[in-house]
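Following my numbering, the numbering of the sequence shown begins with 917 at its first residue and continues without gaps. All C-beta atoms in this analysis are idealised placements derived from N, C-alpha and C, irrespective of residue type, glycine included. Input: a single structure, listed below in structure tokens.
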Amino acid sequence: MIAVVGVLGALGLAIGSFLNVVIYRVPNGLSVVRPASACPGCDTPIQGRDNVPLLSWLLLGGRCRSCRMRISARYPAIEAVTGLAFVGVALVFAPAIVTADSPAKAVAAALVLGALLYFAAISVALTMIDVDVHRLPNAIVYPAYPVLAVALVAAAIVGGEPGALLPALIGAAGSLLFYFILAFAYPGGMGLGDVKLAGAVGMLLGFFGWPQLAVGVAAAFVLGGIFGVVLIAIRRGGRKTGIPFGPWMLLGAWIGIFAGEPLAQAYLTLVGIR
Ligand SMILES: [Zn+2]
917 MIAVVGVLGA LGLAIGSFLN VVIYRVPNGL SVVRPASACP GCDTPIQGRD
967 NVPLLSWLLL GGRCRSCRMR ISARYPAIEA VTGLAFVGVA LVFAPAIVTA
1017 DSPAKAVAAA LVLGALLYFA AISVALTMID VDVHRLPNAI VYPAYPVLAV
1067 ALVAAAIVGG EPGALLPALI GAAGSLLFYF ILAFAYPGGM GLGDVKLAGA
1117 VGMLLGFFGW PQLAVGVAAA FVLGGIFGVV LIAIRRGGRK TGIPFGPWML
1167 LGAWIGIFAG EPLAQAYLTL VGIR
């Protein structure tokens, strides 16, 4: 188990390195494959030994080997965050593969783990791009639908629990409709990119269950709302300041996935329903 978490953590670091390329190139409509990464200061292509996630940046003291230009700490930070996200997902969702009581259930658990690792990777990329340029590129959002749908449908059928697909479908359709209405009612607050992402997020949350879906969607608005109020309070923004909502939608979704059930239970107890 420790080995699995370690391997997935290393995979997260490597994928985080690739996400640095995605975050810079996708909003600019550039290929993520060619050309190979080069130093923005001296155009020297980055060699393999200087492209090891996290370690290369530390060993080189945060500077280019050729021209000694400073390389932003944001690159190793994104690698570290992606690595930690993969470790977190692995710690919570990999044990189900080992403890499954049949090979089919183990395969289903592995498919769910794969879907979550993929969602973790696009969460990091979309968050950074939305913060950078206030956009959620279709090139990342659209593929999320078939990738998550195939993994979740396969997991539900192989695992013998096709019942999870109905809440997933309702989560996708309901979230799309909800965000569409919000974008229509408050054109300044919610963008079409948020609407397009909401369906994929709702599908994933619904697959895990109603508490996860409810908490995941609600948490986005609670966090985004608190952040907006704080911004206004410290006078960093007015009511019309465009605050990207994608990061809150994604962070809310992860709260729903990891803690949806206990949080929903706590809320129901608090308001005295159960
Ligand atoms: Zn350089």
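Complete beta strand (DSSP E) runs within the stretch 1018 to 1083 (minimum length 3 residues, chain order): Scanning the stretch 1018 to 1083 from its first residue to its last, no whole beta strand (DSSP E) run of 3-plus residues comes out.
Three-state class that DSSP yields for P961 in the structure shown: Judged by DSSP in its simplified three-state form, P961 adopts strand.
contact_flag[the stretch 1141 to 1152, the stretch 1075 to 1082] where n(CB pairs < 8 Å) is 3 or more: Contact between the stretch 1141 to 1152 and the stretch 1075 to 1082 is absent, because fewer than three Cβ pairs lie under 8 Å.
M1202 beta carbon near ligand 1 (any heavy atom closer than 7 Å): Because the chain in this structure spans residues 917 to 1190, residue 1202 falls outside the shown range and cannot be described.
Neighbourhood of L927 by C-beta, 7 Å cutoff - its chain only, sequence neighbours within 5 removed: Correct list, in chain order: F1002.
Supposed contact pair F1123 and L1068 - C-beta distance, whole angstroms, cut 8 Å: By a beta-carbon distance limit of 8 Å, L1068 contacts F1123. Their separation comes to about 5 Å.
Straight-line Cα distance separating L1029 from V1074: The straight-line gap from Cα to Cα measures roughly 14 Å.
Own chain partners of G957 with C-beta closer than 7 Å, once the 5 adjacent residues on each side are dropped: A distance below 7 Å between beta-carbons, with the five flanking residues on each side excluded, links G957 to the following residues of its chain, in chain order: C980, C983, M985.
Neighbour-count burial assignment, N936, 16 or more Cβ in a 10 Å radius: Under this definition N936 is a buried residue.
Beta-carbon spacing of E995, L924 below 8 Å: In this structure, E995 sits away from L924, with a CB-CB distance that is not shorter than 8 Å.
Ligand 1 heavy atom lying under 7 Å from the CB of T998: No, the Cβ of T998 stays beyond 7 Å of every heavy atom of ligand 1.
Any non-hydrogen atom of ligand 1 within 7 Å of T960 CB: Yes.
Proximity test, Cβ basis, 8 Å: I994 and chain D: The structure shown contains no chain D; it is built from a single protein chain.
G957 CB to nearest heavy atom of ligand 1 below 7 Å: The nearest non-hydrogen atom of ligand 1 is less than 7 Å from the C-beta of G957.
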